[in-house]
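S.K.:
In my numbering, the protein residues as written are 14 to 501.
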C-alpha cells in the first residue's frame with residue numbers, strides 16, 4: 014500500500030508535536046517522534062511511504078497536494094491532529110480526500126480523547142480515528158484488515174458511532190523500529206534550550222504519576238511504565254549519531270526519565286553510554302524528587318547537559334491540588350544538587366491550578382528566581398480533553414472555550430483556557446508574561462546564560478531563544494519591558 018503520513022500545518026510556527034499545542038513563546042519546533050515511529054512500523058511492514066511534517070515547514074495543505082500528494086497517489090493518508098487545530102486538520106483531510114481519494118485517518122491525543130465528536134464534526138470526511146497508541150492500529154488497517162475488525166479504531170456506520178475494542182498497549186517496545194527520521198529535515202527543528210541540531214528519542218512509554226493536567230499518560234500511553242532495554246536505547250543513540258549529520262544533542266522525551274521505579278535503569282543507561290564512549294550531549298525530562306547527587310554526577314559523566322524539570326508551582330497546596338506528588342523543599346534541594354553536578358536546568362512553571370490566587374502565582378515566580386536554574390518557561394495550565402484537569406474545569410464551570418479553536422489565541426499563541434473564581438483568564442495570561450519578564454530580565458540571569466555559552470551550537474540556540482523572546486512580546490504589543498522586571 015502507498016501511505017502518506019502528514020502533520021498538517023495549522024498556523025505559522027505552531028507546534029503540534031509538543032506537550033502544549035501552540036505557537037510556543039520560545040518558538041520551539043519539536044520532532045514528531047511518535048508519528049515517526051508509527052511511520053517506521055508501516056515502512057517495516059512493506060508499505061511505500063511519503064512522510065512530511067508540513068507544520069515544521071510551514072507548508073499549507075494546498076501546496077502539499079499540488080507538489081507531493083498528486084504525484085505520490087496514496088491509498089491511505091494519516092494525519093496528526095491536535096485540540097486547537099482539529100477543524101483545520103479536518104479541512105486538510107477534505108482537501109486531500111478530494112484530490113487523491115483513499116482512506117483517511119486521524120491520530121493523536123485529541124482524537125483519542127474525543128473520537129466521536131471528531132468524527133461527527135468531519136461529517137463523513139474522516140474515515141476513522143485512532144485511540145491511544147496507534148503504531149499497530151495503522152499497521153493492521155494498512156494490511157487490508159476490514160475497518161470493523163481493527164482494534165483501537167473509531168468510525169461512523171452511517172449516523173451510528175462505532176468504537177472497536179481497544180488495541181492493547183505495546184509491552185515490548187524493543188519490537189518497534191527506530192523512528193523514520195530519514196524522511197525529515199532535522200534543520201526544521203529548533204529549541205533555544207537545546208544544542209542544534211538535536212533530535213528527540215523516547216526510551217519508555219507510560220508514566221506512573223497522576224498529574225491532573227498531563228495529557229499523554231491519561232490519553233495516549235497509560236500509566237503502566239514500559240521501557241526499552243538499556244542496550245536498545247544506546248543502540249538507537251548510536252544510530253541517530255550515524256544518520257544525522259553534526260548531531261549535537263539527544264533529548265530523551267520520556268514523560269520522565271528519572272521516575273523512582275526507573276532509577277536503577279537510569280544508572281545502567283549512564284554506565285552503558287560511558288562504556289561505549291559515546292561523545293554526545295543528552296538532555297531529558299526529570300522530576301525534582303531525584304535528589305541523589307551521585308546519580309546526577311553519573312548522569313553528567315555520561316553526557317547529560319540539561320534537564321527539563323517540572324517544578325510547576327511554588328505553593329505546596331497547589332502542587333497537591335494537581336496531584337504532582339512533589340514538595341517545594343525537594344525543588345530547592347534538586348536545583349542545588351544539579352548545580353553541584355554541573356547539569357543545566359530548564360525549569361517549567363505554571364499558573365492556574367485549582368484554587369490558584371495571585372499570591373500563590375507570585376510565590377511560583379519568586380521561587381523561579383531563587384532556584385539555581387539556567388532557563389525557564391511559564392505557561393497557564395491548559396485544560397486538554399481527556400485529562401482530569403479538564404474534567405475538573407468543566408464540572409466547576411471554570412472552562413472557557415466553547416470551540417476547540419479557542420484553545421489558542423488568534424495568533425496561535427498559548428493562552429489560558431480557564432477562568433478561576435480567584436483569577437480571570439486575562440490575569441492568568443498576565444502572570445505568565447510577568448513570570449517570563451521577571452525571570453529573564455535580571456542582570457544575574459543574563460550573566461548566568463552568557464557564562465554558560467561554551468560552543469557555537471550554544472550561541473545559535475541562545476540567539477534563537479532571545480529572538481523568540483523579543484518576538485513574542487513585540488508581536489503581542491508587549492514590547493515595553495520597563496516596570497515589569499520586579500525585584501532582582
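Glycine included, each C-beta is placed from N, C-alpha and C at the ideal position.
#1: Can you tell which of 290, 292, 293 and 309 has the C-alpha that lies nearest to the C-alpha of residue 299?
#2: Quick one: what does DSSP say residue 427 is sitting in, helix, strand or coil?
#3: Please determine, among 375, 326, 442 and 18, the residue with the shortest C-alpha to C-alpha distance to residue 115.
#4: Give me whichever residues DSSP pairs with residue 405 in a beta bridge.
#5: Check each candidate in 357, 334 and 291 and name the one with the smallest Cα separation from residue 368.
#6: Hey, does residue 264 have any beta-carbon neighbour from chain D nearer than 9 Å?
#7: With burial defined as no fewer than 16 other Cβ atoms inside 10 Å of the residue's Cβ, what is the status of residue 126: buried or exposed?
#8: Going by CA-CA distance only, name the one from 394, 389, 312 and 343 that's closest to residue 228.
#9: Rounded to the nearest angstrom, how far is the Cβ of residue 386 from that of residue 360, given a contact under 8 Å?
#10: Per DSSP, residue 167 forms a beta bridge with which residues?
#11: Would you mind sorting residue 287 into buried or exposed? The rule is 16 or more other CB atoms within 10 Å of its CB.
#12: How is residue 283 classed by DSSP in three states: helix, strand or coil?
#13: Could you say if the stretch 446 to 459 and the stretch 149 to 165 meet the contact criterion of at least three C-beta pairs nearer than 8 Å?
#14: Tell me which same chain residues have a C-beta within less than 6 Å of the C-beta of residue 48, skipping the five on either side of it?
#15: Could you give the C-beta distance for residue 95 and residue 192, rounded to a whole number, given that I count them as a contact under 8 Å?
#16: So does the stretch 98 to 112 actually touch the stretch 205 to 212, counting three or more Cβ pairs closer than 8 Å?
#17: Report the partner residues of residue 296 according to the DSSP bridge assignment.
#18: Hey, how far is the Cα of residue 274 from the Cα of residue 267?
#19: Thinking C-beta only, is residue 223 closer than 9 Å to residue 238?
#20: So, under 8 Å CB-CB, residue 265 and residue 216 are touching, yes? Tell me the CB distance rounded to an integer number of Å.
#21: Leaving aside the five residues before and after residue 108 along the sequence, list all residues of the same chain whose C-beta is less than 7 Å from its C-beta, in chain order.
#22: Do residue 458 and residue 382 come within 9 Å of each other at the CB atom, strictly closer than that value?
#23: Measure the C-alpha to C-alpha separation of residue 57 and residue 124 and round it to an integer number of angstroms.
#24: Going by DSSP, what residues sit across from residue 92 in a beta bridge?
#25: Restricting to Cα atoms, I'd like to know which of 84, 122, 82 and 133 is closest to residue 103.
#26: Which residues mark the beginning and the end of the alpha helix (DSSP H) in which residue 452 is found?
#27: Under the three-state reduction of DSSP, which class applies to residue 493: helix, strand or coil?
#28: Leaving out five residues before and five after residue 243 in sequence, what residues of the same chain have Cβ atoms less than 8 Å from its Cβ?
#29: Please return the same chain residues whose Cβ sits closer than 7 Å to the Cβ of residue 392, not counting the five positions on each side in sequence.
#30: Give the secondary structure of residue 375 by DSSP, where H, G and I count as helix, E and B as strand, and everything else as coil.
#31: Please classify residue 90 as buried or exposed, where buried requires at least 16 other C-beta atoms within 10 Å of its C-beta.
#32: Using C-beta distances below 7 Å, list every residue in its chain close to residue 112, excluding the 5 sequence neighbours before and after it, in chain order.
#33: With C-beta atoms as the reference, is residue 152 less than 9 Å away from residue 55?
#34: Would you mind reading off the limits of the beta strand (DSSP E) that contains residue 392?
#35: Answer yes or no: do residue 194 and residue 256 have a C-beta to C-beta separation smaller than 9 Å?
#36: Go through its chain and collect everything with a Cβ distance to residue 477's Cβ below 6 Å, but skip five positions before and after it.
M.R.: In brief:
#1: 309
#2: strand
#3: 18
#4: DSSP, once it has assigned bridges, lists no residue as partnering residue 405.
#5: 334
#6: Note that chain D does not occur in the displayed structure, where there is just one protein chain.
#7: buried
#8: 394
#9: 5 Å
#10: For residue 167, DSSP records a beta bridge to 142 and 176.
#11: Exposed is the label assigned to residue 287, since fewer than 16 other Cβ atoms lie within 10 Å of its Cβ.
#12: helix
#13: no
#14: 93
#15: So it is not a contact: roughly 19 Å between Cβ atoms.
#16: no
#17: 264 and 319
#18: 14 Å
#19: Going by C-beta atoms, residue 238 is not nearer than 9 Å to residue 223.
#20: 5 Å
#21: 74, 75 and 78
#22: yes
#23: 25 Å
#24: 19 and 119
#25: 133
#26: Where residue 452 is concerned, the enclosing alpha helix (DSSP H) stretches over 438 to 453.
#27: Note that residue 493 scores 46 on pLDDT, short of 50, meaning its location in the model is unreliable and no value can be drawn from it.
#28: For residue 243, where only same-chain residues beyond five positions count, the Cβ hits under 8 Å are 278, 281, 282 and 285.
#29: 33, 363, 427 and 445
#30: helix
#31: buried
#32: Around residue 112: 78, 82 and 83.
#33: yes
#34: 388 to 393
#35: Taking 9 Å as the Cβ cut-off, residue 194 and residue 256 qualify as a contacting pair.
#36: The pLDDT assigned to residue 477 is 48, lower than 50, so where the model puts this residue is not dependable; a value taken from the coordinates is nonetheless given after this. Closer than 6 Å at the Cβ level, and outside the excluded window around residue 477, lie 203 and 205.
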